[in-house]
Structure formats: C-alpha cells, structure tokens
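Each remark here refers to the structure printed beneath this line.
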Amino acid sequence: MKKFSFFKKNKKVVDSNLLNVVSNDKKDLSTYEYKVPVKEMLKGFYHTKASISTLKVGFESLQRILFSGIEDFDQIFSTFVEMTNNARDQINVIFGDLGKNNKEKLNQISSVIVGIQGSLETISNFLGATNMISLNAKLEAARAKEYGKGFSVVADEIKRLSDQAKGVMNMISVKEIEEVSKDLISNNLKDLQIDIDKFFAEILEQLNYLESIFKRFSRSQEEFSSLIESLESIDANMAYYSRNCDSLIGSDTFMLSNDEFLKELEFIISEQFSWINNLRLLVEGQRRIFIQTDASKHGFGLFYKGLSPKNDAIRQLWEEVYIPYLNINKFAAEILIIFRLENRNDSGLRQAKDFLSQAESLSEEIVRKLEHIKKMVIELDNQGISIFS
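In terms of UniProt numbering, the sequence shown opens at residue 1 and continues consecutively.
Next up, the structure:
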C-alpha cells in the first residue's frame, strides 16, 4: 500500500505544532476571561465618575443653601421670641384697657395674631424647602452607591429633624390659632384672653424646642463639611484615573464593539435630555435643581476622549459635538450665577431665560449630531466595519 507523505511527518513536529495551537488557544481564552470584566469595569468607571461629580455638586449646593439658612435662623429665632413676648404684652395692655369698645380690641388682637402667623409661615416655608433639598440629596447619594452612603445618612437625619420641626409648626399654627379665632368670632373676651395667653405660652415653649432642633442641624454642618472634603478627594482621584481609563478603553485589547458604543451613545443622549430638562426646571419652574456645569464630568464630555472613534467620518462628527457641548455648559454656569443672587430682579430672570433658550438650541444640535452618529455606526456595523479599528 502506498503511504501518503502526511503520515511520514515526524511525530515530534506534529506534537510541537499541536502544542503551539493549544498554547495560543489558552492565551486567547485567558485574554478573553479578563478582557470582558475589565472592559465592563472601565465602562462602569465613567458612570461612577459622573455620579460622584454630580453628588459633589449637589451636596456643595445643599451645604450652601441649607446651612447658610440655619445661621440666619439663629437671628430669626431671637427676633421671633422677642416679637412674641412683645405681642403678649400688647395683648395684656389691650385687655387691661376696658374703656375701649370690644370691636376695636378685637381688631387690634387680630392684627397681632396675623403678624405672628406671618412669622410662622416664614419658618414653615424654610422647613418645606429643607425637606425638598434633603430628598434631592438622598437621590444623588443613591446614584453614587458606596460613595454616597455617608451623605445618605446625613440627608435622612436632616429630613427627620425637618419633619419633626414641621410637625411642631403645624401644631402651633393650626390648633392654637383656631382656638383663638373661634373666640374672636364669638366676642367672648374672657375666654379669648385665657386662650390667647395660652397661645403665646405654647408658642414660646415650642420655639425653645425648635431652637434645640436647629442647633442639632448646625452640628450636622461639621459632618457635612467632612463628607464633602472626602468626596473632593475621591473626585480628584477619579479625574486622575480617568486618563488611564481613556487610554485603556482606546487600546486594541479593550476597545468597544460597535454595539457597546451604541449603548453608551443612548446613555449620552438620555443624559442630555435629562440635563437640559433640569436646567429648564431651574429657570422656568424656579426649582432648586443641582446642575453639573463641568463639561468633563457629565454626559457627552464624560466619554469624549475615552470613546473617541477611529473611523475618520465618525470621529469628525464626534469632535464637532464638543464645541456646542462646551458652550451649553457655559450658558448653564451663567444661569447658576444669576440664581445664586439673593435679590434677583426681572432683568436677571429675563437674561436667564435668554441663556436657557440658547442652551436649548445647542442641546437640540447636540442630540441631532449624536443621532446622526448613531445612524452611521449602525450602517457601518451592517457592513461589518468597526468604528474603533
């Protein structure tokens, strides 16, 4: 029988070739085993960086708004206690002067009570704003996951104290004033005098209690400052490591697939809609919204360098998005400056609305360009072309 040359090959050569193939397969398998989790970690890094940066901005705003208000309330409480005592004295003088007719007395008493109600509403409005701020802070803390745990605890404590204080305010402003109002209507001066005196005594007692609550608020300020310092350190480290992540995710080993790029693109577009909507709520709704204006720490700017495509046509469009993205953040920064002013006038609000209008136009341009990029990537993917190779 004729033997084919294949069977005459040296067994050692065959074994050597086989070992090389197996060895290469093992290397490929090993690379694949760590490539997937590392790539997921790199993608997750950008999202974590965004959450931490947003959390930092939110808590800095919260600290500025909340604790500056608490410092003001030290003076407000002193003034309010003094005013309450003066009002109590006025009521006693009114009741002591029996020469005047009842109607005039009732009008004077009613005027004093209205003044007290106005001051109660000032405190109540502050507590309502505090609740909303604390809720926003807790939401941002949740987004940052492990990094936001400490902030979440502080936000919970502030909301608890605020709810507690709000309950006291409701008890004063509803229960006690209702009793006084009934006596005012019935013209029962004897009962009225007793109830009004009880009313003022209750207010003074509860004011002392409220003051103790706000002192606990103040003690939270140190903890807040410490947490923000920690977050600033984390934020700085994230900025340092982001350069390494940009290099890694742009390498051949960890480069994204077209599908992975499209998923991140969807996230960027969604974030852009959310960001411009928050800016709109700030200007048109006069809402206390935390806005990130550092272009490198949210949305498109977060991924600009790391996800930069190698395909010439896609990269050109990608780079065209960056200038309007920088400009839209500048408009947002100008809007924040206006809304941080304590005494905003109509001119400032008109200017803020003008900045918003320009920002909305830029946002539409950004989304339009990103949607065009998405369409082109899908077309290239259908042709089997990677935008990163």
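Virtual Cβ for every residue (Gly too), placed ideally from N, Cα, C.
Proximity winner among the options, relative to residue i (alpha-carbon distances)
i: Q383; options: N258, S212 and E360; result: N258
i: E364; options: E284, N277, I338 and Q292; result: N277
i: S225; options: M255, F59 and W275; result: F59
i: L281; options: A352, T54, I194 and G299; result: A352
i: I269; options: D235, G285, H298 and N311; result: H298
i: Q292; options: I337, E205 and A201; result: I337
i: D312; options: L362, I385 and N237; result: I385
i: V283; options: Y209, L349 and T48; result: L349
i: L279; options: I335, F200, G306 and L231; result: I335
Cα-Cα separation, residue i to residue j
i: D294; j: L341; result: 20 Å
i: S389; j: V367; result: 25 Å
i: K56; j: R287; result: 19 Å
i: G301; j: S308; result: 11 Å
i: I387; j: L380; result: 8 Å
i: V321; j: K369; result: 7 Å
i: I378; j: I323; result: 24 Å
i: D197; j: I203; result: 10 Å
i: S233; j: I52; result: 11 Å
i: G285; j: L265; result: 29 Å
i: T54; j: D235; result: 10 Å
i: E82; j: E211; result: 14 Å
i: D28; j: A333; result: For D28, the predicted structure reports a pLDDT of 47, less than 50, and the residue's modelled location is therefore unreliable. A value from the coordinates is still provided. Each residue's Cα considered, the two are about 49 Å apart.
i: Y304; j: S296; result: 8 Å
i: D354; j: S347; result: 11 Å
i: R344; j: I289; result: 17 Å
i: F273; j: F339; result: 21 Å
i: I194; j: E205; result: 17 Å
i: T48; j: M238; result: 9 Å
i: K263; j: K310; result: 18 Å
i: D89; j: N208; result: 19 Å
i: V21; j: L231; result: Bear in mind that the predicted position of V21 carries a pLDDT of just 41, short of 50, making it unreliable; the figure below should be weighed with that in mind. Their backbone Cα atoms lie some 50 Å apart in a straight line.
i: N86; j: F200; result: 10 Å
i: residue 396; j: C245; result: Here the chain covers residues 1 to 389 and nothing more, so residue 396 does not appear.
i: L256; j: F267; result: 15 Å
i: E271; j: G306; result: 17 Å
i: L227; j: W275; result: 25 Å
N- and C-terminal bounds of the alpha helix (DSSP H) containing residue i
i: G353; result: Looking at the sequence shown, residue 353 is not Gly but Lys. Note, K353: alpha helix (DSSP H), D346 to N382.
Per-residue DSSP class, three states only, for residue i
i: I291; result: coil
i: N327; result: helix
i: V304; result: This sequence places Tyr at residue 304; Val is not what is there. Coil.
i: I385; result: coil
i: G285; result: coil
i: N311; result: coil
i: R280; result: helix
i: L341; result: coil
i: L256; result: coil
The ligand ADP heavy atom lying under 8 Å from the CB of residue i
i: I268; result: With respect to small molecules bound, the structure shown includes none, and the ligand ADP cannot be examined in it.
Discussion item. Count Cβ pairs between the segment 369-383 and the segment 308-320 that sit closer than 8 Å; are there 3 or more?
Written reply: yes
Fill in: Three-pair Cβ contact test at 8 Å for the segment 350-364 versus the segment 327-336
yes
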